[in-house]
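In terms of my numbering, the sequence shown opens at residue 100 and continues consecutively.
Step one of this worksheet: look at the structure below.
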Amino acid sequence: MEYSFNTFFGFEKDLMAHPEMLIFAALLTPILLALPIALVGWVFRKIKLNMYIINVLLYTLMFTFLLGILTIFVLYFITDRNGIKLAYCWLTVFAGMFFFCLMNEKTITKMFTDWSKIIEEKDKLSK
100 MEYSFNTFFG
110 FEKDLMAHPE
120 MLIFAALLTP
130 ILLALPIALV
140 GWVFRKIKLN
150 MYIINVLLYT
160 LMFTFLLGIL
170 TIFVLYFITD
180 RNGIKLAYCW
190 LTVFAGMFFF
200 CLMNEKTITK
210 MFTDWSKIIE
220 EKDKLSK
């Protein structure tokens, strides 16, 4: 049996009829997934469990939101507006962001920690 890239988990007809709906899905999916993951992260922090995978998932959703929606907009307005291809492109961006965040979680966390320290120092100096 051969895999066809003209299928997408049973949503082929919807994606081909309304490819613009993928823009909304690409925009809302990371936001809607970040809310329950942040809640789970809050619980993990309260019971002092390891936050590595939660941080990876939150960073993945944040970067996918920022870069994934940009990618979808560019591809939507430049290419042939094939919803199935756009969905696969968004999934590729999501998977790439996941592996990037998986490998660089410590660096990203340190970057945000350093930024928060700089902002705190700047606020103290301005007062």
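C-beta: ideal position from N, C-alpha, C; glycine also.
The model shown is predicted, which means the values in this text are computed figures rather than measured ones.
So is residue i buried or exposed if we call it buried at 16+ other beta carbons inside 10 Å?
i       : result
Thr-191 : exposed
Tyr-158 : buried
Ile-171 : buried
Asn-154 : buried
Met-196 : buried
Phe-162 : buried
Leu-131 : exposed
Within the same chain, show all residues whose beta-carbon is closer than 6 Å to that of residue i, passing over the 5 residues directly before and after it, in chain order.
i       : result
Gly-167 : Ala-125, Trp-189, Val-192
Met-115 : Gly-182
Cys-200 : Val-155, Tyr-158, Thr-159
Sorted by chain position, which residues of the same chain lie with C-beta nearer than 7 Å to residue i's C-beta, five sequence neighbours on each side aside?
i       : result
Leu-174 : Leu-185, Cys-188
Tyr-151 : Glu-204
Thr-208 : Asn-154
Phe-123 : none
Ala-133 : Leu-157, Leu-160
Gly-140 : Met-150, Ile-153, Leu-157
Counting only the same chain and skipping the five closest in sequence on each side, list residues whose C-beta sits under 8 Å from that of residue i.
i       : result
Pro-118 : Tyr-175, Arg-180, Asn-181, Gly-182, Leu-185
Met-120 : Asp-113, Leu-114, Gly-182
Pro-129 : Leu-160, Met-161, Thr-163, Phe-164, Gly-167
Glu-219 : none
> What are the complete beta strand (DSSP E) segments, minimum 3 residues, inside the segment 144–223?
Replying inline: none
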